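Numbering (our numbering), first residue to last: 33 to 369. No residue lacks a Cβ here, since even glycine has one placed at the ideal position from N, Cα and C. Remember, it's a predicted structure, so these values are computed and weren't measured experimentally.
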């Protein structure tokens with residue numbers, strides 16, 4: 033009996049030592065703070081005021097935190113130099129603040145970063161960090177339209193970004209140099225220049241590998257208006273779209289020239305989940321022949337009748353309006369069915 037009691041005591045002691053680290057880990061998870069910033073605008077012009085509200089949350093359920101009495105908000109320029117740093121009191125988990133982009137501010141790419149003193153004791157992964165632009169007055173006099181296309185060439189994933197610049201009257205801003213760089217997680221991975229054509233468009237190509245896939249990637253483009261003036265534009269890239277696979281499944285296994293049939297399709301992301309898409313079927317001349325839209329799980333279907341002597345592609349449009357091109361299965365003649 034005494035041996036059993038001794039064994040039971042040992043087991044209870046071991047169990048307590050095992051549970052203690054888990055309880056500490058659970059407490060750390062519960063106490064982990066995060067900061068979210070809501071701003072009045074996504075981008076700014078010199079002279080603008082950035083108004084913001086900070087939300088300090090706690091734990092996996094993101095309840096408003098009671099741990100910290102202050103939140104720190106930094107605005108950082110392209111050279112990683114802090115332009116402004118503000119300390120604000122946190123009341124019931126929130127704080128309000130503002131700053132003016134005055135005469136001492138240079139146009140360019142900036143970051144707004146927010147954290148608490150408690151968060152500085154742990155990983156900076158929980159810091160709030162977002163990029164934005166501060167532009168000069170010429171930005172209000174220029175219209176910029178972005179079009180991004182994803183395509184695969186010889187097994188390589190390419191991202192083609194087309195930037196079109198016009199004035200407010202629609203006149204193209206042609207023969208101007210666009211300086212650009214591609215940034216992944218705040219690190220520049222490439223930089224070069226392009227030139228606007230007679231329609232005011234500049235093309236920025238990017239070939240990426242799998243190491244880039246899970247990073248936050250954007251393009252910073254600078255249009256040089258004159259010797260002293262540049263217009264800045266940030267272009268976020270959804271890298272996962274470049275590896276989204278869209279497959280088409282003709283009814284009966286194949287398409288038949290001159291015969292209308294139903295084609296099923298499924299759009300799948302690189303992690304295997306369904307992707308919402310819209311799109312259209314076009315021929316080699318770009319003429320539209322059918323449209324389609326996914327429903328649940330990136331799946332859907334549409335009717336289509338191919339014609340002999342033509343080749344067709346599917347232009348897929350993602351929710352952010354970026355595009356990707358996929359080949360449609362080839363059609364056969366009805367006498368081969």
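Query	Result
Backbone secondary structure at residue 59 - three-state DSSP	Residue placement at residue 59 cannot be trusted, given a pLDDT of 45 that sits under 50; what the coordinates show is reported in the next sentence. The answer is helix: DSSP assigns residue 59 an H, G or I state.
Coarse secondary structure for residue 48, derived from DSSP in three states	Confidence in residue 48 is poor, its pLDDT being 49 and thus under 50, which makes the residue's placement unreliable; the coordinate value appears in the next sentence. It is helical.
Nearest-angstrom Cα separation, counted from residue 357 out to residue 328	21 angstroms
Stretch-stretch touch, CB-based, cutoff 8 angstroms, three pairs: the stretch 138 to 145 with the stretch 256 to 264	yes
Pick from 274, 130, 237 and 175 that is closest to residue 255, judged by C-alpha positions	175
Residues of its chain near residue 108, where Cβ-Cβ distance is below 7 angstroms and the 5 sequence neighbours each way are ignored	114, 115, 142, 143 and 145
Residue from 112, 126, 134 and 338 whose Cα sits closest to the Cα of residue 67	126
Boundaries (first-last residue) of the beta strand (DSSP E) holding residue 65	65 to 71
Three-state class that DSSP yields for residue 286 in the structure shown	coil
Nearest-angstrom Cβ-Cβ length linking residue 330 and residue 314, presumed shorter than 8 angstroms	The Cβ separation is near 21 angstroms, so there is no contact.
Buried or exposed (CB count within 10 angstroms, at least 16 for buried), residue 265	buried
Short Cβ contact (8 angstroms threshold) for residue 333 with residue 297	yes
8 angstroms Cβ cutoff met for residue 180 and residue 193	yes
Cα-Cα separation between residue 168 and residue 205, rounded to whole angstroms	17 angstroms
Cβ-based neighbour list, residue 316, same chain, cut-off 6 angstroms, excluding 5 preceding and 5 following	343
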